[in-house]
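Data first, discussion second: the structure below is written as structure tokens.
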DNA sequence: GCGACAG
DNA sequence: ATCTTGTCGC
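In the numbering used here, the protein residues as written are 445 to 682.
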């Protein structure tokens, strides 16, 4: 932490951000890395009620050669945006189910490093531990940020579940290999549910509660929804 | 071998 | 993810 020219307090993410490994790995090494990193994910109760929640989402340039990440920080309980940042990188890894982190995490980290505010928690468009090797994008980023993260995906990657009742607020466990890896949550009545799982430093119970409290009017929780809106606009300038 | 498969 | 506007229904 330090004081910048305008005398405001700035948290130096370059220093607090964990740099656990490089990203240019073979598919095989990437999978091995996921298995070893998965054991580092922490399942602990949130220390305090989050007041600043950030949403992260990615998009691609029109020619598909660059990837863009956007971060939107919202202040609760009014969900007022207090800061937005973004980053642009060349695409260096293909989309392979289960290896999304190696495609999207680097640019997400670059965007988060630009933040001057310090979010209490991140909601990320993708899976947390609801992943074949228990290390989806939100869990992987959670280890780098060393902060509470929640994965909120629009569809299932792995696991089985019973369709929750159509009413908003209902949810059922997402199970895989005999364990509960996440929850299938109805954030809007009669609308397809979202797939929520712990990313890092929180419990599924917290993730469910926070997701529902952030899903005020739309299917996606506000942080992720606004990040998606923002990154979509940036895409147009591409 | 066949089907599934975050974004 | 992306190609793409209006339209039907809660």
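Just so you know, even glycine gets a beta-carbon here, dropped at the ideal spot from N, CA and C.
Beta strand (DSSP E) segment containing residue i, residue limits
{"i": "residue 527", "result": "524-534"}
{"i": "residue 504", "result": "496-504"}
For residue i, the first and last residue of its enclosing alpha helix (DSSP H)
{"i": "residue 556", "result": "545-557"}
{"i": "residue 515", "result": "No alpha helix (DSSP H) holds residue 515; the beta strand (DSSP E) holding it covers 510-519."}
{"i": "residue 571", "result": "First-last for residue 571: undefined, no H or E at that position."}
{"i": "residue 478", "result": "471-482"}
Coarse secondary structure for residue i, derived from DSSP in three states
{"i": "residue 627", "result": "strand"}
{"i": "residue 580", "result": "coil"}
{"i": "residue 646", "result": "coil"}
{"i": "residue 641", "result": "strand"}
{"i": "residue 593", "result": "strand"}
{"i": "residue 651", "result": "helix"}
{"i": "residue 601", "result": "coil"}
{"i": "residue 620", "result": "strand"}
{"i": "residue 675", "result": "helix"}
{"i": "residue 566", "result": "strand"}
{"i": "residue 448", "result": "Confidence at residue 448 is low in this model, with a pLDDT of 36, below 50, so its placement is unreliable and no value can be given for it."}
{"i": "residue 458", "result": "Any reading at residue 458 must be qualified, since the residue scores a pLDDT of 48, below 50, and its modelled position is unreliable; no value is offered."}
CB-CB length for residue i against residue j, believed under 8 angstroms
{"i": "residue 644", "j": "residue 583", "result": "6 angstroms"}
{"i": "residue 531", "j": "residue 555", "result": "4 angstroms"}
{"i": "residue 490", "j": "residue 592", "result": "6 angstroms"}
Same chain, Cβ closer than 6 angstroms to residue i, neighbours up to 5 away in sequence not counted
{"i": "residue 663", "result": "631, 632 and 635"}
{"i": "residue 523", "result": "666"}
{"i": "residue 609", "result": "none"}
Beta-carbon contacts of residue i that lie in its chain and below 8 angstroms, excluding the five residues immediately before and after
{"i": "residue 655", "result": "567, 594, 596, 629, 631, 638, 640 and 665"}
{"i": "residue 670", "result": "499, 516, 518 and 525"}
{"i": "residue 509", "result": "534 and 535"}
Open item on the list: Closer than 8 angstroms is the cut-off here; do at least three beta carbon pairs connect the segment 615-626 with the segment 560-567?
Closed with: no
Assess, as a yes-or-no matter, whether the segment 484-491 is touched by the segment 585-594 under the definition of 3 or more beta carbon pairs within less than 8 angstroms.
yes
Check: Does the segment 465-483 come within contact of the segment 572-579, defined as at least 3 CB pairs closer than 8 angstroms?
Finding: yes
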